[in-house]
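Undergrad:
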Amino acid sequence: EDQVTQSPEALRLQEGESSSLNCSYTVSGLRGLFWYRQDPGKGPEFLFTLYSAGEEKEKERLKATLTKKESFLHITAPKPEDSATYLCAVQATLGSDMRFGAGTRLTVKP
Amino acid sequence: ETGVTQSPTHLIKTRGQQVTLRCSSQSGHNTVSWYQQALGQGPQFIFQYYREEENGRGNFPPRFSGLQFPNYSSELNVNALELDDSALYLCATSKGSDTQYFGPGTRLTVL
Numbered sequence: 663e664d665q666v667t668q669s670p671e672a673l674r675l676q677e678g679e680s681s682s683l684n685c686s687y688t689v690s691g692l693r694g695l696f697w698y699r700q701d702p703g704k705g706p707e708f709l710f711t712l713y714s715a716g717e718e719k720e721k722e723r724l725k726a727t728l729t730k731k732e733s734f735l736h737i738t739a740p741k742p743e744d745s746a747t748y749l750c751a752v753q754a755t756l757g758s759d760m761r762f763g764a765g766t767r768l769t770v771k772p
Numbered sequence: 004e005t006g007v008t009q010s011p012t013h014l015i016k017t018r019g020q021q022v023t024l025r026c027s028s029q030s031g032h033n034t035v036s037w038y039q040q041a042l043g044q045g046p047q048f049i050f051q052y053y054r055e056e057e058n059g060r061g062n063f064p065p066r067f068s069g070l071q072f073p074n075y076s077s078e079l080n081v082n083a084l085e086l087d088d089s090a091l092y093l094c095a096t097s098k099g100s101d102t103q104y105f106g107p108g109t110r111l112t113v114l
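Line order of the protein sequences matches chains R and U.
679 is the number that our numbering gives to position 17 of the first sequence; each next residue is one higher, with no gaps.
89 is the number that our numbering gives to position 86 of the second sequence; each next residue is one higher, with no gaps.
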C-alpha cells in the first residue's frame with residue numbers, strides 16, 4: 663500500500679533560520695510527488711510537482727528535491743509569512759488518487 | 004488563487020441528515036477529485052470523476068456519492084451523516100492526471 667510519512671510533525675524556526683522538511687514515501691511506481699502549503703481553514707495551495715529522482719525545483723525561499731525514497735523541502739532564510747502546514751503527497755502510475763502525509767506545521771518567529 | 008470554488012463555506016447538520024456540497028472546476032479542467040480532511044490530518048481521497056464517470060474511489064462507504072456535470076462542476080453527497088463525518092471537504096480539479104488544484108473547502112460540522 664502507498665504510504666507517505668512527513669517529519670517533523672511541527673517545526674519552530676527563528677526568522678532567517680534555514681531548515682528542511684522530510685517526506686518519506688513508498689509507492690508502487692511513482693507518477694509524481696507533490697508539495698502543497700496549507701493555511702489554517704483553507705484549501706492546500708500547490709507548490710511543486712517532482713517526477714523523477716534527482717529532480718529539483720525552486721520557488722522564492724523554497725526548494726524541493728526528490729530521491730527514490732524521500733523528498734525534502736528546503737526553506738532558506740524563512741520569514742513569518744512562511745508559517746503554514748506543508749503537505750506532501752504521492753500519486754502512483756496506476757491510480758487516480760493522491761496519498762497525503764499528515765503534514766509538517768511550520769512556525770517562523772520574527 | 005485557483006479558479007476552483009466551493010459552496011457552501013460552512014455547514015452545520017445533525018446526525019442522520021443528508022448534505023450536498025458543490026464544486027466549480029477551474030477553466031479547462033475536466034477531472035475533479037474530492038477529499039476529506041480531519042483536523043490535524045492530511046486530506047484523504049474520497050473519489051474522482053473524469054468526464055462525468057467515477058474514475059477511482061478511496062476507502063469510503065457508499066453513503067458518500069458524487070456527480071460530475073457536463074460543465075465539469077461536481078457535487079459530493081453524503082447520506083445518513085455521522086459525527087465522524089465532521090471535517091473539511093476539499094475538491095481539487097485537474098486536466099486528467101496532471102497536478103490537482105484545490106478549492107477553499109467546505110467545513111462540515113455534524114452535531
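The beta carbon of each residue, even a glycine, is placed where N, CA and C say it ideally should be.
1) Using beta carbons (cut-off 7 Å, strictly below), is D701 of chain R in contact with chain U?
2) Along the chain, where does the beta strand (DSSP E) that runs through L756 of chain R open and close?
3) Using the C-alpha atoms, what's the distance from Y687 of chain R back to F48 of chain U?
4) Among residues of its own chain, excluding the 5 on either side of S136 of chain U, which ones have a beta-carbon nearer than 6 Å to its beta-carbon?
5) If we define contact as Cβ-Cβ less than 7 Å, is S681 of chain R a contact residue for chain U?
6) Going along the chain, which residues of its own chain have a beta-carbon closer than 6 Å to the beta-carbon of T738 of chain R, five neighbours each way excluded?
7) Going by alpha carbons, who is nearest to V666 of chain R out of R:F710, R:R674, R:L768, R:M760?
8) Does DSSP classify L84 of chain U as helix, strand or coil?
9) Quick check on N62 of chain U - is its C-beta less than 7 Å from some C-beta in chain R?
10) Taking the CB atoms as reference points, tell me whether L93 of chain U and V113 of chain U lie closer together than 7 Å.
11) Could you check the C-alpha separation between T23 of chain U and F710 of chain R for me, to the nearest Å?
12) When you compare the region 714-728 of chain R with the region 6-20 of chain U, are there three or more beta-carbon pairs, one atom per stretch, that lie closer than 8 Å?
13) What's the C-alpha gap between L42 of chain U and L768 of chain R?
14) Within this structure, are the beta carbons of T34 of chain U and S97 of chain U separated by less than 7 Å?
TA: Judging by the given coordinates:
1) Judged by the 7 Å Cβ criterion, D701 of chain R is not in contact with chain U.
2) Per DSSP, L756 of chain R is not a residue of any beta strand (DSSP E), being assigned neither H nor E.
3) When rounded, the distance between both Cα atoms is 17 Å.
4) A query on residue 136 of chain U cannot be resolved here, the shown segment of chain U reaching from 4 to 114 and no further.
5) It does not; no Cβ of chain U falls within 7 Å.
6) Excluding positions up to five away in sequence, the list reads S680, R723.
7) The option with the nearest alpha carbon to V666 of chain R is R:M760.
8) It is coil, neither helix nor strand.
9) For N62 of chain U, no CB of chain R lies under 7 Å from its own CB, so it is not counted at the interface with that chain.
10) Remark: C-beta atoms of L93 of chain U and V113 of chain U do not approach each other more closely than 7 Å.
11) Near 31 Å, if we compare the C-alpha coordinates of F710 of chain R and T23 of chain U.
12) By the Cβ test, the region 714-728 of chain R is not in contact with the region 6-20 of chain U, since fewer than three Cβ pairs between them sit closer than 8 Å.
13) Near 16 Å, if we compare the C-alpha coordinates of L768 of chain R and L42 of chain U.
14) Result yes, Cβ atoms of T34 of chain U and S97 of chain U sit closer than 7 Å.
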